[in-house]
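Chemist:
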Amino acid sequence: MNKYRSHNCNELRRKDVGQKVLLSGWINKKRDHGNLLFLDLRDNYGITQCIINKDSSSFKELEKIQLETVIKIEGKVIDRSKETFNKEIPTGEIEVSINNFSTLGTCKELPLPVFSDQEYSEEIRLKYRFLDLRRKKIHENITLRSKVISFIRSEMGKYGFLEFQTPILTSSSPEGARDFLVPSRLNPGKFYALPQAPQQFKQLIMVSGFDKYFQIAPCFRDEDARADRSPGEFYQLDLEMSFVEQEDVFNVVENLLINTFKKFSNKKLVSEKFPRISFAESMLKYGTDKPDLRNPLIINDITEIFFREDVSFEIFKKLVKSGSKVRCIKTNDTKNKPRSFFDGIDKWAKEQGASGLAYFTFEEDDKIFAKGPVGKFFSEEALKEIMKITHAEVGDSIFLACDKQGNLEKITSMAREKIGRNLNLIDENTFAFCWIVDYPMFELNDQTKKIQFSHNPFSMPQGEKDKINFGNPLEILAYQYDIVCNGIELSSGAIRNHIPELMYKLFAIAGYDRKQVDEKFSGMINALSFGAPPHGGIAPGIDRIVMLLANEKNIREVTMFPMNQNAQDLMMNAPSEISDYQLKELNLSLKSKK
RNA sequence: GGGGGUGUAGCUCAGUUGGUUAGAGCGAUCGCCUGUCACGCGAUAGGUCGAGGGUUCGAGUCCCUUCACUCCCGCCA
């Protein structure tokens with residue numbers, strides 16, 4: 085028999101009444117009636133109410149004992165009378181009468197209460213993460229994370245994928261995010277990089293003939309944090325398949341995600357086939373490549389209206405002439421919304437750094453007219469044209485903004501979300517997935533005006549390889565795709581370019597000559613020259629999947645030991661200074677601190 | 001690097017127009033209480049009002065600087 089417990093704290097029921105039991109756990113809560121003490125004992129599994137009265141020799145000691153002390157109790161399971169059942173917990177029909185107890189782990193005065201629904205500052209939670217993790221909600225989140233990961237593992241096994249580990253110490257890559265670097269002792273002056281993703285390795289695994297690979301892979305990127313982005317490290321379900329086209333990857337991942345979300349959440353899936361939206365369409369209709377499809381609002385381009393003679397909105401007309409565009413969001417049946425609703429949105433837009441959002445509402449007496457501060461600038465004909473483009477009816481309103489395309493996309497995208505929330509159009513009880521497909525291979529860097537890879541340089545360009553229009557690289561699309569759910573980018577992937585000659589051509593466009601490519605990507609290029617299968621894959625973000633399933637807005641709520649926004653671990657005191665000896669061994673010297 | 005929010009007791013927060021000795025709940029300590037499950041009741045301790053500077057007869061409150069945490073922009077192939 086186990087020394088510490090015969091049962092866990094969620095096991096005992098009425099059928100156990102009369103049994104002598106051993107329970108161990110934390111003191112969750114005490115209720116002291118002077119001559120009678122109730123004590124809730126908690127472990128990973130649940131809570132059992134224990135009871136002791138003043139006749140017992142242990143009574144005085146238990147009365148004084150600190151919450152969160154770890155104790156072992158020896159006692160007898162007894163029946164509760166019906167009026168005293170606790171329906172909140174599964175063990176609520178019994179209690180354990182304490183015969184004696186021993187302390188297994190003492191507890192100092194707590195810096196934060198464990199048994200409480202209060203919220204605490206991140207600082208105190210992260211510093212005392214081991215206490216924070218005892219609390220119900222986050223304890224359940226972390227447990228959920230474990231279950232989701234093991235479910236995914238077993239599913240991937242069923243689909244015939246093999247799980248492999250890839251190196252953590254690898255080489256720095258010129259593209260992408262900032263690397264975390266690790267100095268090499270044996271190779272003075274040289275550095276390893278932690279992998280931003282096992283990108284090259286997974287392709288090499290395909291070249292090695294393993295056909296289907298996956299890994300719950302740690303990824304390291306030295307970029308600034310966001311609510312849905314941990315600083316430093318995160319996990320991806322990294323997977324890669326040989327002899328596949330985009331469709332084959334989609335099938336596997338759609339199945340996996342749908343099974344996972346059905347199993348671990350009660351929220352409705354808007355559609356079991358993920359709709360596919362091209363990058364270009366998404367940027368136009370939603371202003372972003374991660375649209376929240378729960379939001380029914382759509383953005384329309386109405387730039388052409390501002391070339392008309394019968395539109396006198398001179399500010400916009402002038403901007404349009406110099407290359408700006410006008411885009412708008414239509415809201416249904418908002419004619420009775422108070423002025424404050426419209427002005428609130430306009431004010432909000434200005435706070436976001438835009439020049440505001442103009443608005444008007446379609447109304448009708450003997451003819452169509454627009455009500456609102458800028459309504460007078462539009463003729464009836466122009467209004468009818470806008471109604472046609474936006475599928476608007478009388479009573480609907482239009483919010484419009486004018487700017488250069490990039491800024492315009494940003495503000496209309498944010499406005500779509502803001503207006504959708506204000507009008508309560510977003511159903512929080514659903515998951516709306518979609519594929520974003522047909523990403524451009526290249527993009528123009530705004531600052532340098534040079535052409536660069538827009539996503540992954542190893543993606544396969546679309547089209548027959550001899551017919552691709554290399555003269556107009558910005559037109560080249562890639563077999564590059566993202567999964568988005570509720571406005572959160574869950575994963576991105578691609579069919580890879582396994583043809584070295586084609587890869588040299590593409591890298592040349594991005595400004596790398598053959599020699600540079602050979603140097604920077606020697607492992608890859610070399611491998612692709614020795615019989616590489618066509619292959620492709622994707623890498624869904626585990627943390628974000630769990631975040632959605634746990635209904636959390638912040639990734640730290642599903643991460644066991646996260647760092648804070650400044651990439652510090654307040655509990656372990658990382659990063660920390662190192663000794664002169666360590667520096668010397670690594671051939672490093674520090675610039676003097678300012 | 002930039003913008004917003006927050007910072008008052010161990011924890012969560014209140015604090016009026018600048019005005020006497022800065023409050024509450026939880027927690028801690030002490031006492032009372034035999035059916036609670038957010039037990040109840042009474043008492044006690046606990047404060048560099050994030051830090052520094054300024055304005056003022058007087059600053060938790062106003063101004064400036066700065067620090068920490070957080071959200072966002074930039075960044076994240």
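First residue of the first sequence? That's 85 in the working numbering, and the numbers climb one at a time after it. Glycine included, every Cβ here is placed at the ideal spot set by N, Cα and C.
Compute the Euclidean distance between the alpha carbons of F554 and M525, then round it to the nearest angstrom.
Modeler: If you number the first sequence from 1, residue 554 lands on position 470. If you number the first sequence from 1, residue 525 lands on position 441. Distance between the alpha carbons of F554 and M525 is about 11 Å.
Chemist: Going residue by residue through the segment 285-359, where are the continuous alpha helix (DSSP H) segments of at least 4 residues, counting only ones entirely within it?
Modeler: 330-348
Chemist: Who pairs with G159 in a beta bridge, going by DSSP?
Modeler: Counting from 1 along the first sequence, the entry for residue 159 is found at position 75. In the DSSP output, where bridge partners are listed per residue, G159 has V105, I182.
Chemist: Under the rule that 16 or more other beta-carbon atoms within 10 Å means buried, what is T445, buried or exposed?
Modeler: Along the first sequence, read from residue 1 onward, the residue named residue 445 stands at position 361. So T445 ends up on the buried side.
Chemist: Provide the residue span of the alpha helix (DSSP H) that contains Q600, from first to last.
Modeler: As a first step, residue 600 must be located in the first sequence, where it is residue number 516. Counting along the chain, Q600 sits inside the alpha helix (DSSP H) bounded by residues 598-604.
Chemist: L125 and L107 - do their beta-carbons sit closer together than 7 Å?
Modeler: For the purposes of this step, residue 107 is taken as residue 23 along the first sequence, with counting starting at 1. For the purposes of this step, residue 125 is taken as residue 41 along the first sequence, with counting starting at 1. The Cβ atoms of L107 and L125 sit closer than 7 Å to each other.
Chemist: Starting from T190, follow the beta strand (DSSP E) in both directions and report where the run begins and ends.
Modeler: Numbered from its first residue, the first sequence carries residue 190 at position 106. No beta strand (DSSP E) holds T190; DSSP gives it neither H nor E.
Chemist: Leaving out five residues on either side along the sequence, give the residues of the same chain with a beta carbon under 6 Å from the beta carbon of N416.
Modeler: Taking the first residue of the first sequence as 1, we reach residue 416 at position 332. For N416, where only same-chain residues beyond five positions count, the Cβ hits under 6 Å are D480.
Chemist: Taking the continuous beta strand (DSSP E) assigned at E448, which residues delimit it?
Modeler: What you label residue 448 is simply residue 364 of the first sequence in a count that begins at 1. Its beta strand (DSSP E) spans residues 442-448.
Chemist: By how many angstroms is the C-alpha of A658 removed from the C-alpha of K678?
Modeler: Numbered from its first residue, the first sequence carries residue 678 at position 594. Numbered from its first residue, the first sequence carries residue 658 at position 574. Bear in mind that a pLDDT of 40 at K678, under 50, signals an unreliable position, so the number given afterwards is only what the model happens to contain. Whole-angstrom Cα-Cα distance: 21 Å.
Chemist: May I ask you to list the residues that DSSP assigns as paired with T254?
Modeler: Here residue 254 is taken as the residue at index 170 of the first sequence, counted from 1. In DSSP, T254 forms a bridge with A277.
Chemist: Looking at the unbroken beta strand (DSSP E) that takes in Y204, where does it start and where does it end?
Modeler: Against the first sequence, residue 204 aligns to sequence position 120. That residue, Y204, is in no beta strand (DSSP E); it is neither H nor E in DSSP.
Chemist: Quick one: using the 10 Å Cβ neighbour count with 16 as the cut-off for buried, is S230 buried or exposed?
Modeler: Within the first sequence, the letter at position 146 stands for residue 230. Exposed, since its Cβ has fewer than 16 Cβ neighbours within 10 Å.
Chemist: Do you know how far the Cα of V478 is from the Cα of R423?
Modeler: For the purposes of this step, residue 423 is taken as the residue at position 339 of the first sequence. For the purposes of this step, residue 478 is taken as the residue at position 394 of the first sequence. Distance between R423 and V478, taken at the CA atoms: about 17 Å.
Chemist: Leaving aside the five residues before and after R640 along the sequence, list all residues of the same chain whose C-beta is less than 6 Å from its C-beta, in chain order.
Modeler: On the first sequence, residue 640 is found 556 positions in, with the first residue counted as 1. Hits under 6 Å: P646.
Chemist: Report buried or exposed for G621, applying the criterion of at least 16 other Cβ atoms within 10 angstroms of its Cβ.
Modeler: Residue mapping note: residue 621 aligns to position 537 of the first sequence, counting from 1. Per the 10 Å Cβ criterion, buried.
Chemist: Within this structure, are the beta carbons of C412 and N379 separated by less than 7 Å?
Modeler: Your numbering for residue 412 matches position 328 in the first sequence. Your numbering for residue 379 matches position 295 in the first sequence. Contact flag unset, no.
Chemist: Of the residues K374, K114, S181, G109, which one's Cα is nearest the Cα of Q100?
Modeler: Counting from one through the first sequence, the residue named residue 100 turns up at place 16. Checking the sequence shown, residue 100 turns out to be Asp, not Gln. If we check each option's Cα against that of D100, S181 comes out closest.
Chemist: For V521, write down the residues that DSSP places opposite it in a beta bridge.
Modeler: One-based indexing of the first sequence puts residue 521 at position 437. The partner list for V521 (beta bridge, DSSP) reads S362.
Chemist: If you scan the segment 488-562 from start to end, which runs of the alpha helix (DSSP H) of 4 or more residues do you find wholly inside it?
Modeler: For the segment 488-562, whole alpha helix (DSSP H) runs of length 4 or above, ordered along the chain, are 489-506.
Chemist: So the candidates are F298, N540, R262; which of them puts its Cα closest to the Cα of A309?
Modeler: Position 225 of the first sequence, counted from the first residue, corresponds to residue 309. The option with the nearest alpha carbon to A309 is R262.
Chemist: Is the segment 265-276 touching the segment 210-227 in the sense that three or more CB pairs, one from each, lie closer than 8 Å?
Modeler: no
Chemist: Just how far apart, CA to CA, sit M367 and I361?
Modeler: For the purposes of this step, residue 367 is taken as the residue at position 283 of the first sequence. For the purposes of this step, residue 361 is taken as the residue at position 277 of the first sequence. Spanning the two alpha carbons is a distance of roughly 10 Å.
Chemist: Report yes if the CB atom of A466 is closer than 7 Å to the CB atom of V404, and no otherwise.
Modeler: In the first sequence, residue 466 corresponds to position 382, counting from 1. In the first sequence, residue 404 corresponds to position 320, counting from 1. Not in contact: A466 and V404 (Cβ atoms no closer than 7 Å).
Chemist: In the DSSP output, what is C93 paired with across the bridge?
Modeler: Start at 1 with the first residue of the first sequence, and residue 93 comes out as number 9. Beta-bridge pairing links C93 to no other residue.
Chemist: At which residues does the alpha helix (DSSP H) containing T474 begin and terminate?
Modeler: Translated into positions along the first sequence, residue 474 becomes position 390. T474 -> alpha helix (DSSP H) spans 464-474.
Chemist: Please state whether DSSP places P267 in a helix, a strand or coil.
Modeler: Counting from 1 along the first sequence, the entry for residue 267 is found at position 183. It is a strand residue.
Chemist: How far does the alpha helix (DSSP H) with L228 in it extend, from its first residue to its last?
Modeler: For the purposes of this step, residue 228 is identified with residue 144 of the first sequence, where counting begins at 1. L228 -> alpha helix (DSSP H) spans 220-242.
Chemist: Just verifying my parser: in three-state terms, what is the DSSP assignment at S481?
Modeler: Translated into the one-based positions of the first sequence, residue 481 becomes position 397. Strand at S481.
Chemist: In chain order, what residues of the same chain have a beta carbon less than 8 Å from the beta carbon of K468, not counting five sequence neighbours either side?
Modeler: The count along the first sequence starts at 1 and reaches residue 468 at position 384. Answer for K468: I452, listed in chain order.
Chemist: Three-state secondary structure (DSSP) at K678?
Modeler: Stepping through the first sequence from its first residue, residue 678 is reached at position 594. Interpretation of K678 is limited by its pLDDT of 40, a score under 50 that renders its predicted location unreliable; no figure is taken from the coordinates.
Chemist: For I535, which residues from the same chain have a beta carbon less than 8 Å from its beta carbon, with the 5 sequence-adjacent residues on both sides left out?
Modeler: Reading the first sequence from its first residue, position 451 is the one you call residue 535. Excluding residues within five positions, the ones whose Cβ falls inside 8 Å are F526, E527, L528, N529, P557, L558, I593, A594, G595.
Chemist: Mind reading off the beta-carbon distance from R98 to E177? Whole number of angstroms is fine, and I expect it under 8 Å.
Modeler: Counting from 1 along the first sequence, the entry for residue 98 is found at position 14. Counting from 1 along the first sequence, the entry for residue 177 is found at position 93. Yes, R98 and E177 are in contact; Cβ-Cβ is about 5 Å, under 8 Å.
Chemist: By the 10 Å Cβ neighbour count, where 16 or more other Cβ atoms means buried, how is Y563 classified, buried or exposed?
Modeler: The residue given as residue 563 occupies position 479 in the first sequence. Y563 is buried by the Cβ-count criterion.
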